[in-house]
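See structure below.
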């Protein structure tokens, strides 16, 4: 109202002086402008602002929802990554366990095969030792018989008669072999004395 009174006094002044003032609008235009401004303000405040606020709220909710959805997606991705890493670590641990089990099993198989090979080698060695011992004993028996025959022939030549008696022959053979084993009689000297008698 103060503006209207000021405008009226300015208009009254201008009319009194008889000049027109281009900066001061006419009262009916001013009233019409104020009424239109009030109507426009009412329409904007009643219809436009709520729609803008509604659109802003929807947009804000959409952005917040998008952010929340992105955060959820990121959390899910991190959970999936953690699960993948856990599964990967578990798979690596299982692979390492399988590798260690295979290595241990391989070592056990190698040890078992070595044991079997050693047992087989021991068996073959024992068999060879037994065979060698049997052949040695057989050779000793054969040699004893041959040495006994040769010694009786030699003794018969030396003494001048044959030893027909088996007990005297056995005693002579045993005595000769005992002397031969003890080193009192040397085979080379027996052979030389036999050649000298011949």
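In the numbering used here, the protein residues as written are 2 to 199.
All C-beta atoms, glycine included, are put in the ideal place defined by N, C-alpha and C.
All values reported here derive from a predicted model rather than from experimental measurement.
(1) What three-state label does DSSP hand residue 24 in the structure shown?
(2) Return the CA-CA distance between residue 135 and residue 124, expressed in angstroms with no decimal places.
(3) For the region 118-132 against the region 141-156, do three or more pairs of beta-carbon atoms, one drawn from each stretch, fall closer than 8 Å, so that the two count as touching?
(4) Mind checking residue 60: buried by the 16 CB within 10 Å criterion, or exposed?
(5) If I'm right that residue 148 touches residue 178 with Cβ under 8 Å, what's the distance once you round it to whole angstroms?
(6) Would you tell me roughly how many angstroms separate the C-alpha atoms of residue 31 and residue 48, rounded to the nearest one?
(7) Quick check: the Cα distance between residue 80 and residue 110, rounded to an integer number of angstroms?
(8) By the three-class DSSP mapping on this structure, what secondary structure does residue 67 have?
(9) Grouping DSSP H, G and I as helix and E and B as strand, with all else coil, what is residue 172?
Reading it off the structure:
(1) The residue given as residue 24 occupies position 23 in the chain shown. DSSP, reduced to helix, strand and coil, places residue 24 outside both helices and strands of the structure shown, so it counts as coil.
(2) Along the chain shown, read from residue 1 onward, the residue named residue 135 stands at position 134. Along the chain shown, read from residue 1 onward, the residue named residue 124 stands at position 123. So the two alpha carbons sit approximately 16 Å from each other.
(3) Using a Cβ-Cβ distance cut-off of 8 Å, the region 118-132 and the region 141-156 are not in contact, since fewer than three pairs of beta carbons, one from each stretch, lie closer than that value.
(4) Taking the first residue of the chain shown as 1, we reach residue 60 at position 59. Per the 10 Å Cβ criterion, exposed.
(5) Translated into positions along the chain shown, residue 148 becomes position 147. Translated into positions along the chain shown, residue 178 becomes position 177. Contact check for residue 148 and residue 178: beta-carbon distance about 7 Å, within the 8 Å limit, so the pair qualifies.
(6) As a first step, residue 31 is located in the chain shown; it is residue number 30 there, counting from the start. As a first step, residue 48 is located in the chain shown; it is residue number 47 there, counting from the start. Roughly 25 Å between the two C-alpha positions.
(7) Numbered from 1 along the chain shown, position 79 holds the residue referred to as residue 80. Numbered from 1 along the chain shown, position 109 holds the residue referred to as residue 110. In this model, residue 80 and residue 110 are separated by some 44 Å (Cα to Cα).
(8) Counting from one through the chain shown, the residue named residue 67 turns up at place 66. Reduced to three states, the DSSP call for residue 67 is helix.
(9) Stepping through the chain shown from its first residue, residue 172 is reached at position 171. DSSP places residue 172 within a helical segment (H, G or I) once states are collapsed to three.
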